[in-house]
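So that you can map any letter, position 181 of the sequence shown is 181 in our numbering, and since no number is skipped, the others follow by simple counting. One structure is given here, and the rest of the page talks about it.
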Amino acid sequence: MLKQFSALILAVSLFWSNVGFSHGLPSFTQLIETSSPAVVKIDTVQVEQNQRLSQLPHGETPDIFQDLFEHRRGQPEDALSTGSGFIISHDGYVLTNHHVVDGADEIVIKLLDRREFDAVVIGVDQRSDLALLKIDADGLPALKFSEPNKLKVGEWVLAIGSPFDLDFSASIGIISAIGRSIPTEKGDNYVPFVQSDVAINPGNSGGPLLNLDGKVVGINSQIFTRSGGSMGVSFSIPVSVAIEVVEQLKSKGHVDRGWLGVYIQDVDKDLARSFKLKKPHGALVAQVEPDSPADKAGIFAGDVITKFDGQPIIESNDLPHAVGLSSPDKKVNIELVREGKTKALNVTIGALPTADPVVNALDRPDKLGLIISAVDDEMVSRWRRGVMIMMVLPDSPAHRAGLYRGDIIVQLGQNSIDSPEQYYDALKTLSVKEPVAVRLIRQGRSIYGSIEIDN
């Protein structure tokens, strides 16, 4: 019996040794002590928030993907909110999520040693949900980014932040997956999120996700939840995106992204067979925008892009991730399959149209609940006419009709819309409580809807 017990102990020891636990679980004590001084709590104040409108369209992300920032909208008093961030340089640059500081009139950075600083916004990037702040200080503790694209599934990671306003809390877990896509209804899909099972909650937004070396592997951004709290699935912006965004925000205050000009879809096994692929992979080109970089390079609908600038395209979502990180005017090689044959093309990447301009705080919504603007020169060249929706008032006729910021209205009722003046003239002719047709351009596609004006 003793020999059998000894053999069992030896077998268990060998098992744990083989899975990497020969020295026991890692200790996070030192990591937390050395990293926490560079993590910050971010308090923001938005004055008279009840007089302002949200610039995020209702339902822009699925309900189960809730951001981690503690929104308190519609209050009659100044709105106070809390998020997290971390210092990335000794001279006071701080990185956080865009939604942490979006619309804030005051931003206060609080350090572990109880020092407080007013922060200014150097630049924001809505598409990656990142914001670069600056405080007037020097000799500050700072965190370093890990080497991009070296993260592995199964690695231990640690999050530090202020969930539920509980300052400088730490939680641990492992990397669950890499390259997760969570596109918005506007079609933005430029972040290959890092998924982990680290417990993060409202208030963790913008805080760092650290590896065992104390380097940042991600910026906590979203959680999967049905309850409003952690369910063991969280998403972070990878450093491959953060490093590029920080560099551009520092140098010019905004981010330029690559643009190819294709609409794509996944390749299933039946499509793979029809396109003579050995297995389902790549991004199937469903449509090519006229005069786009893809069009000029000779890419056609029906092509299956399998490699972009040396990077394999396994799923269709891999392509916008790769293109978005490319610099405009960069020449890259694309490998694709056309009629069963592999073909290589050179393409000069274009510039993705910039995010919508900021709405003037003095603007007020019309009776549809919209603030609109004329389309810019670039949009005129692409769509030729219409007005762009800049803001949608919650629970307005436009909101209930499913209109979103960024939509381009080209027809209202029987009226073609070429300018803001024509739009406002058309509004005057609309009857109350009577459905009216509206035609939009959304993500390059023409769609119809109906809208009903309130009393």
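Virtual Cβ for every residue (Gly too), placed ideally from N, Cα, C.
State yes or no: is the C-beta of residue i within less than 9 Å of the C-beta of residue j?
i: residue 141; j: residue 37; result: yes
i: residue 200; j: residue 220; result: yes
i: residue 454; j: residue 397; result: yes
i: residue 390; j: residue 370; result: yes
i: residue 241; j: residue 192; result: yes
i: residue 42; j: residue 119; result: yes
i: residue 450; j: residue 435; result: yes
i: residue 40; j: residue 110; result: yes
i: residue 407; j: residue 430; result: no
i: residue 83; j: residue 95; result: no
i: residue 127; j: residue 253; result: no
i: residue 205; j: residue 235; result: no
i: residue 502; j: residue 320; result: Since the first and last residues shown for the chain are 1 and 455, residue 502 lies out of range.
i: residue 249; j: residue 125; result: yes
i: residue 302; j: residue 345; result: no
i: residue 326; j: residue 239; result: no
i: residue 233; j: residue 223; result: yes
i: residue 392; j: residue 420; result: no
i: residue 202; j: residue 163; result: yes
i: residue 304; j: residue 261; result: no
i: residue 117; j: residue 137; result: yes
i: residue 32; j: residue 92; result: no
i: residue 457; j: residue 198; result: Here the chain comprises residues numbered 1 to 455, so residue 457 is not present and cannot be evaluated.
Need the endpoints of the alpha helix (DSSP H) that residue i sits in, please.
i: residue 407; result: No alpha helix (DSSP H) holds residue 407; DSSP gives it neither H nor E.
i: residue 242; result: 239 to 252
i: residue 191; result: Where residue 191 is concerned, there is no enclosing alpha helix (DSSP H), given that its DSSP letter is neither H nor E.
i: residue 294; result: 293 to 297
i: residue 274; result: 269 to 274
i: residue 318; result: 318 to 324
i: residue 104; result: From DSSP, residue 104 is part of no alpha helix (DSSP H); its letter is neither H nor E.
i: residue 397; result: 397 to 400
Identify the residues that DSSP records as bridge partners of residue i: which are they?
i: residue 425; result: DSSP output for residue 425 lists no bridge partner at all.
i: residue 86; result: 39, 95
i: residue 440; result: 409, 447
i: residue 173; result: 157
i: residue 234; result: 196, 223
i: residue 388; result: 373, 408
i: residue 44; result: 81, 107
i: residue 312; result: 307
i: residue 229; result: According to DSSP, residue 229 bridges with nothing at all.
i: residue 432; result: 453
i: residue 203; result: Paired residues: none, contrary to the question.
i: residue 145; result: 216
i: residue 257; result: Bridge partners of residue 257: none, in fact.
i: residue 178; result: 194
Using 8 Å for Cβ pairs, my map puts residue i next to residue j. What's the rounded Cβ distance?
i: residue 175; j: residue 154; result: 6 Å
i: residue 332; j: residue 308; result: 7 Å
i: residue 173; j: residue 157; result: 6 Å
i: residue 337; j: residue 306; result: 6 Å
i: residue 424; j: residue 412; result: Between residue 412 and residue 424 the Cβ distance is about 10 Å, and since that is not below 8 Å, they are no contact.
i: residue 87; j: residue 143; result: 7 Å
i: residue 90; j: residue 139; result: 6 Å
i: residue 401; j: residue 415; result: Rounded, the Cβ-Cβ distance is 17 Å, inconsistent with contact.
i: residue 433; j: residue 452; result: 6 Å
What residue range is occupied by the uninterrupted beta strand (DSSP E) comprising residue i?
i: residue 119; result: 116 to 125
i: residue 338; result: 331 to 338
i: residue 344; result: 341 to 348
i: residue 210; result: 208 to 210
i: residue 301; result: That residue, residue 301, is in no beta strand (DSSP E); it is neither H nor E in DSSP.
i: residue 264; result: 262 to 265
i: residue 135; result: 130 to 135
i: residue 414; result: Taken as a continuous stretch (DSSP letters only), residue 414 belongs to no beta strand (DSSP E), as it is neither H nor E.
i: residue 288; result: 283 to 288
So that I know if they touch, is there some Cβ in chain D lying closer than 9 Å to that of residue i?
i: residue 106; result: As a matter of chain content, chain D is missing from the structure shown, which is built from one protein chain.
Can you confirm whether the segment 308 to 315 touches the segment 285 to 293 when touching is taken to mean that 3 or more C-beta pairs between the two stretches lie within less than 8 Å? At 8 Å Cβ cutoff, the stretches do not touch.
So does the segment 92 to 105 actually touch the segment 119 to 136, counting three or more Cβ pairs closer than 8 Å? The segment 92 to 105 is in contact with the segment 119 to 136.
Specify whether the segment 25 to 44 and the segment 211 to 226 touch according to this definition: at least 3 beta carbon pairs, one from each stretch, less than 8 Å apart. Taking one beta carbon from each stretch, the segment 25 to 44 and the segment 211 to 226 have 3 or more pairs nearer than 8 Å; the two touch.
Closer than 8 Å is the cut-off here; do at least three beta carbon pairs connect the segment 265 to 279 with the segment 171 to 179? Contact annotation: the segment 265 to 279 does not touch the segment 171 to 179, with fewer than three C-beta pairs closer than 8 Å.
Counting beta carbon pairs with one atom in the segment 273 to 282 and one in the segment 224 to 233, are three or more of them shorter than 8 Å? Remark: fewer than three beta-carbon pairs, one from each stretch, lie closer than 8 Å, so the segment 224 to 233 and the segment 273 to 282 are not flagged as touching.
Is the segment 251 to 258 close to the segment 276 to 286, with three or more CB pairs under 8 Å? No, they do not touch.
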